[in-house]
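When you line the sequence shown up against this note's numbering, it's residues 71 to 447, in that order.
The beta-carbon is built from N, C-alpha and C at its ideal position, and this holds for glycine as well.
Notes follow the structure.
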Amino acid sequence: MNKLFFWVCAVLMTACASYKNDEVLTESGLSNSRFQTEINGEKTDLFVLKNKNKMEVCITNYGGRIVSVMVPDKDGIMRDVVLGFDSIQDYIKYPSDFGASIGRYANRINQGRFSLDGIVYQLPRNNYGHCLHGGPQGFQYRIYRGIQVSDREVKLTYLSKNGEEGFPGNLNCTIIMKLTDDNAIDIQYEAETDKPTVVNMTNHSYFNLDGDPSKDNSDYLLTLNADYYTPVDSTFMTTGEIVPVEGTPMDFRLPAVIGTRINQDFEQLRYGNGIDHNWVLNTKGDIHQVCATLESPVTGIVLNVYTDEPGIQVYCGNFLDGTLTGKKNTIYNFRASVCLETQKYPDTPNKADWPTAVVRPGEKYQSHCIYKFSVHK
71 MNKLFFWVCA VLMTACASYK NDEVLTESGL SNSRFQTEIN GEKTDLFVLK NKNKMEVCIT
131 NYGGRIVSVM VPDKDGIMRD VVLGFDSIQD YIKYPSDFGA SIGRYANRIN QGRFSLDGIV
191 YQLPRNNYGH CLHGGPQGFQ YRIYRGIQVS DREVKLTYLS KNGEEGFPGN LNCTIIMKLT
251 DDNAIDIQYE AETDKPTVVN MTNHSYFNLD GDPSKDNSDY LLTLNADYYT PVDSTFMTTG
311 EIVPVEGTPM DFRLPAVIGT RINQDFEQLR YGNGIDHNWV LNTKGDIHQV CATLESPVTG
371 IVLNVYTDEP GIQVYCGNFL DGTLTGKKNT IYNFRASVCL ETQKYPDTPN KADWPTAVVR
431 PGEKYQSHCI YKFSVHK
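Encoded structure:
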């Protein structure tokens with residue numbers, strides 16, 4: 071009897087160990103089951119993309135979020151270079167923009183109000199009196215329908231219904247995320263509407279190229295292909311001006327160490343609590359030109375960004391404050407990342423002379439962004 075008892079225990083322990091090992095699905099240590107649940111009757115999941123270089127990107131259809139990105143550093147060590155959480159429950163418990171596909175309108179709309187074809191639309195005001203990232207229930211908190219097209223591609227779709235967060239029109243959205251063999255995450259957005267509306271989608275990944283969110287971004291090198299930026303007021307709202315970067319701490323036309331700029335005594339940096347601004351790109355919609363480069367001198371990891379959008383919002387994690395604990399129980403401290411959000415300029419619906427965000431029936435909204443990783447040894 072004792073032998074039988076110990077044999078049964080051994081089998082159970084082996085089974086439990088095997089189950090536990092099966093739970094670790096990804097190179098970044100994520101468990102698939104922790105992303106499989108139902109929210110309001112809609113299922114969530116984790117999608118894993120891999121290329122021939124063993125780079126790995128994990129995506130959840132909860133908010134269309136990039137959860138982890140494993141890339142090699144200069145010594146060939148794989149590092150997770152984005153912030154996020156280990157489970158859907160943590161994403162729900164701690165509302166954030168980590169890795170999210172933002173919509174219907176990324177960035178801010180002044181006082182949450184805009185006029186289109188003579189009709190005034192009032193949106194929720196969730197940030198200093200303005201509408202930020204589509205409102206408190208923007209796309210980052212919605213469930214996309216996810217389809218794994220291949221081991222290197224996932225397709226996400228979402229129907230944003232007429233009146234959702236105050237926006238007009240039923241908007242059918244599609245996001246294609248591909249992992250290429252040259253270590254790039256290629257993101258393409260499309261949307262169609264049945265009523266005139268405004269659309270501005272982006273990805274809100276928080277990049278930490280050290281692969282160590284306990285460190286801040288002060289030693290990163292940042293380069294922006296932009297001669298101008300759009301200043302903000304004390305509520306983070308664009309003033310409507312487009313001003314030169316020359317002679318200011320906002321000049322990143324040549325590689326500059328973020329820590330040498332971000333704490334300078336400059337009104338715009340005081341307003342943004344650091345860098346949280348839109349730059350007017352020189353690339354003029356050319357997806358083949360680099361619009362931004364971020365580099366960690368510690369790991370040698372380099373991120374080049376490409377887009378067909380007119381602007382890029384650079385946000386340096388100024389409101390991370392150590393109260394959030396992310397993947398692998400890592401505390402996310404002040405300025406532990408840099409966001410590079412390709413998009414239309416902020417508050418474009420209220421700026422008639424800025425590149426339009428209006429989409430009408432029969433038209434197709436399209437936006438393209440590429441995050442390409444390499445190493446500088």
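Excluding five sequence positions before and after Pro283, the CB atoms of its chain that fall closer than 8 angstroms to its own CB belong to Leu153, Gly396, Thr400, Ile401, Tyr402, Asn403, Ala406, Ser407, given in chain order.
Inter-segment contact for the segment 291 to 303 and the segment 263 to 283 is absent: fewer than three beta-carbon pairs are separated by less than 8 angstroms. Pairing Thr96 with Asp115 gives a Cβ-Cβ distance that is not under 8 angstroms. Each of His438, Leu249, Gln207, Ser288 was checked against the Cα of Val139, and the nearest Cα belongs to Leu249.
DSSP places Thr369 in the coil class of the three-state scheme, outside both helix and strand. In the three-state reduction of the DSSP assignment, Glu311 falls in the coil class. Taking a contact as a CB-CB distance under 8 angstroms, the pair Gly310 and Lys421 counts as one, their CB atoms being some 6 angstroms apart.
Straight-line measurement puts the Cα of Asp187 at about 43 angstroms from the Cα of Phe443. In the same chain as Lys225, and ignoring 5 residues on each side of it, the C-beta atoms closer than 6 angstroms to its own belong to Ile217, Val219, Ile246, in chain order.
Cβ-Cβ separation between Glu234 and Leu193: approximately 10 angstroms, too far for a contact (criterion under 8 angstroms).
Gln258 is bridged by DSSP to Ile246, His438. Beta-bridge pairing by DSSP links Met140 to Glu126, Asp150.
Under the three-state reduction of DSSP, Phe237 is assigned to coil, being neither helix nor strand.
For the pair Gly199 and Thr305, the CB atoms are nearer than the 8 angstroms cut-off. Here the C-alpha atom of His358 lies approximately 15 angstroms from the C-alpha atom of Leu373. Collapsing the DSSP output to three states places Lys398 in a helix. Here Thr353 is actually not in contact with Cys439; their C-beta atoms are around 12 angstroms apart, not less than 8 angstroms.
CA-to-CA, the gap between Gln258 and Ser288 works out to about 31 angstroms.
Counting the other CB atoms within 10 Å of its CB gives His203 a total of 16 or more, which places it among the buried residues. For Leu186, the enclosing beta strand (DSSP E) starts and ends at 183 to 186. DSSP places Gln359 outside any alpha helix (DSSP H), giving it a letter other than H or E.
Pairing Pro416 with Thr318 gives a Cβ-Cβ distance that is not under 8 angstroms. When only Cα atoms are considered, Tyr132 and Pro431 end up about 27 angstroms apart. In the structure shown, the three-state DSSP call for Arg104 is helix. Beta-bridge partners assigned by DSSP to Glu411: Gln383.
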